[in-house]
Amino acid sequence: MIPDERVAFEAVLDQVYKLPDHIKDDLWQHAIIDKYSKKTHILEQNQIERHITFLHQGLIRAYQLQEDKEVSLDFRFSGDIMTAYTSYISQRPSPVAIQALEDCIILKIPKTSVEALFDKYHEFERLGRLMTEHFYLRRVQREIEILSHSAEERYQHLLKREPNLVAKIPVKHLASYLGIHKQSLSRIRSKVRI
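The numbers in the sequence shown follow our numbering, run straight up by one, and end at 232.
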């Protein structure tokens, strides 16, 4: 019987690029399944990222400490991939931390295994390139949104794009993600409801 974590992980990969079964079998040999309790860190700021992380179940956020204030940069739900990419690629300390916002089940693939699979399989290397392109486009879209939209517009876009995010994320984290104070978010929420 194939574990649920594997089925879910392969479904996400298949959306990007369908790997042959023998490559999926090889990849699965390198998978590590971990559980994290709410509020624990999957990666601390200044720790080196050594894994690609797939969130099987739960909710996680990436954030950065700036002048003793936590600034939320990203959130991921079940079925998403989140890794501190700058640290993963450079193998230098991560400028961000990744934290469980609820109990999580996470599947990790070590960087050494990913690189070995890149060398071994052209198809796996292609998957890696396509995923990198996806994450790059997503980041650019976020930067454009921050630079060219008001806080209210960013909130409305977020409501349309990811209604689960708005419902599940604590207000203080959501406000910092939008780049506004909690009070401003409360005003925007009451205005948008009208």
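Even for Gly, the Cβ is constructed at its ideal location relative to N, Cα and C.
*Which ranges would you report for the alpha helix (DSSP H) in the segment 68–125 if only whole runs of at least 4 residues count?*
none
_With three or more beta-carbon pairs closer than 8 Å as the criterion, would you say the segment 142–149 touches the segment 84–98?_
yes
*Closer than 8 Å by C-beta to Phe-47: which residues in its own chain qualify, once you throw out the five before and the five after it? Chain order, please.*
Ala-69, Phe-92, His-94, Leu-145
*Can you tell me which of Pro-133, Leu-175, Gln-83, Ser-224 puts its alpha carbon nearest to the alpha carbon of Tyr-193?*
That would be Ser-224, whose Cα lies nearest to the Cα of Tyr-193.
*Using a threshold of 8 Å, state whether the C-beta atoms of Gln-83 and Pro-41 are closer than that.*
Not closer than 8 Å, so no.
*asked:* Looking only at its chain, what residues have a beta carbon closer than 7 Å to the beta carbon of Lys-210, apart from the 5 residues adjacent to it on each side?
replied: Lys-220
*Throw me the rounded Cβ distance for the Ala-100 and Leu-111 pair, which I believe falls under 8 Å.*
Your pair Ala-100 and Leu-111 checks out as a contact, with CB atoms roughly 5 Å apart and the cut at 8 Å.
*The beta strand (DSSP E) with Leu-145 in it runs from where to where?*
142–148
*Throw me the rounded Cβ distance for the Ile-71 and Glu-43 pair, which I believe falls under 8 Å.*
6 Å
*Which whole-angstrom value is the C-beta distance of Leu-196 and Glu-140, which I expect to be below 8 Å?*
In fact, because the Cβ distance is near 19 Å, the residues do not count as touching under 8 Å.
*Pick from Ala-154, Cys-142, Phe-113, Glu-163: whose alpha carbon is nearest that of Lys-56?*
Glu-163
*asked:* Going by DSSP, what residue range makes up the beta strand (DSSP E) through Ile-182?
replied: In this chain, Ile-182 is not harboured by any beta strand (DSSP E); it is covered by the alpha helix (DSSP H) spanning 160–186.
*asked:* Do Lys-62 and Cys-142 have their beta-carbon atoms positioned less than 8 Å apart in this structure?
replied: no
*Spatial distance of Leu-103 from Val-109 (CA atoms)*: Looking at the backbone, the Cα of Leu-103 and that of Val-109 are separated by about 6 Å.
*Where Ile-136 sits in the DSSP three-state scheme*: strand
*From the DSSP output, read off the bridge partner residues of Pro-131.*
Ile-86
_Span of the alpha helix (DSSP H) around Tyr-55_ = First-last for Tyr-55: undefined, no H or E at that position.
*Work out the CA separation of Ala-138 and Arg-227 for me, nearest whole Å.*
25 Å
*When the Cα of Arg-180 is compared with those of Tyr-215, Leu-51, Lys-158, which residue comes out closest?*
Tyr-215
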